[in-house]
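These notes are about the structure you will find just below.
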Amino acid sequence: MSDMEEKFPRALWVRLIIYLAVGHVFAAFIYFLFEVGAGQ
């Protein structure tokens, strides 16, 4: 388990989680815009 922790530092995991969260919010926002645009 120590090998995995050495390969992936905590800062990298935090950055990865932030990127995933921002990416999902951005994707959901674009999807919402398309849904609203299609409904009109």
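Mapped onto our numbering, the consecutive letters of the sequence shown carry residue numbers 1 to 40. All residues carry an ideal CB built from backbone N, CA and C; glycine is no exception. These numbers were taken from a predicted model, which means no experiment stands behind them.
DSSP places residue 8 outside any alpha helix (DSSP H), giving it a letter other than H or E. Straight across, the Cα-Cα distance linking residue 13 with residue 30 is about 26 Å.
Annotation: residue 38 to residue 32 spans about 10 Å, alpha carbon to alpha carbon.
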